[in-house]
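**Student:** Questions regarding the structure given below will be posed in turn.
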Amino acid sequence: MSKVTFYPYGKSGEIPDGTSLLDAAEKLGLQMRHDCGGFATCSTCRIWVVEGVTNLTEIDLDEENMLEEAQLTAPFRLSCQAKIQGDVVVRVPDQEMEWSRGALRELDALDPAVREIIRMMVEKRARLQGLSAILPDTAIPFVADAKKEVEAVANDPDRLAALVKRIFEAE
Ligand code: FES
Numbered sequence: 001m002s003k004v005t006f007y008p009y010g011k012s013g014e015i016p017d018g019t020s021l022l023d024a025a026e027k028l029g030l031q032m033r034h035d036c037g038g039f040a041t042c043s044t045c046r047i048w049v050v051e052g053v054t055n056l057t058e059i060d061l062d063e064e065n066m067l068e069e070a071q072l073t074a075p076f077r078l079s080c081q082a083k084i085q086g087d088v089v090v091r092v093p094d095q096e097m098e099w100s101r102g103a104l105r106e107l108d109a110l111d112p113a114v115r116e117i118i119r120m121m122v123e124k125r126a127r128l129q130g131l132s133a134i135l136p137d138t139a140i141p142f143v144a145d146a147k148k149e150v151e152a153v154a155n156d157p158d159r160l161a162a163l164v165k166r167i168f169e170a171e
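Position 168, counted from 1, in the sequence shown is what the UniProt record's numbering calls 168; the numbers after and before it change by one each time, with no gaps.
Pasting the structure below:
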């Protein structure tokens, strides 16, 4: 049995090892999207691993292909594929915000390796300011600030991990 915690709901419980994160969520009463039914072909069950990445089974070829197709990099996993083998803390992503076409151009220009993290940083900041959509006026400065912040720690794994943790923690 391992302790699994889901942000931002604060749901936590002891789950048998070998259970997928998707099934663990269900056992704890959380409804997560899983459009393909758990066959690693949709990526709607994506989840961020906040702590305990090595306490999950390794990414297999099917999951790797789907993550790549969806342009998702660590700390993302597919919750239907990642099985528990120790304590983990994960975060269910927020509903994605709407980006205008002009705003999306800012995001599309980024290196895919950091795009999702920066999108998340921008959306989190926008949400805190009460915005419900991202327009170019917001995207240009917010993306630039987030990019600067990520670049400042990119060569320091500890600081990068701390930044990622902060982003994925509950708001
Ligand atoms: S439910 Fe479709 S990839 Fe996990």
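Just so you know, even glycine gets a beta-carbon here, dropped at the ideal spot from N, CA and C.
If you run the structure through DSSP and keep just helix, strand and coil, what is ARG105?
**Tutor:** In the structure shown, ARG105 sits in a helix (DSSP, three-state: H, G or I).
**Student:** Could you check the C-alpha separation between GLY18 and ARG125 for me, to the nearest Å?
**Tutor:** One C-alpha to the other measures close to 36 Å.
**Student:** Just checking SER43 against the ligand FES - is the residue's beta carbon closer than 6 Å to any of the ligand's heavy atoms?
**Tutor:** Yes, Cβ of SER43 sits closer than 6 Å to a heavy atom of the ligand FES.
**Student:** Since ALA24 contacts VAL4 with CB under 8 Å, what's their CB separation in whole angstroms?
**Tutor:** So it is a contact: roughly 5 Å between Cβ atoms.
**Student:** State buried or exposed for THR138, treating a residue as buried only when at least 16 other CB atoms are found within 10 Å of its CB.
**Tutor:** Buried.
**Student:** Report, in whole angstroms, the separation of the C-beta atoms of ARG77 and LEU56, which I expect to be a contact under 8 Å.
**Tutor:** Confirmed, about 6 Å.
**Student:** Do ALA103 and LEU135 have their C-beta atoms within less than 7 Å of each other?
**Tutor:** Contact: yes.
**Student:** Comparing C-alpha positions only, which one of ALA113, TYR7, LYS11, ALA152 sits nearest to LYS27?
**Tutor:** Nearest option by C-alpha distance: LYS11.
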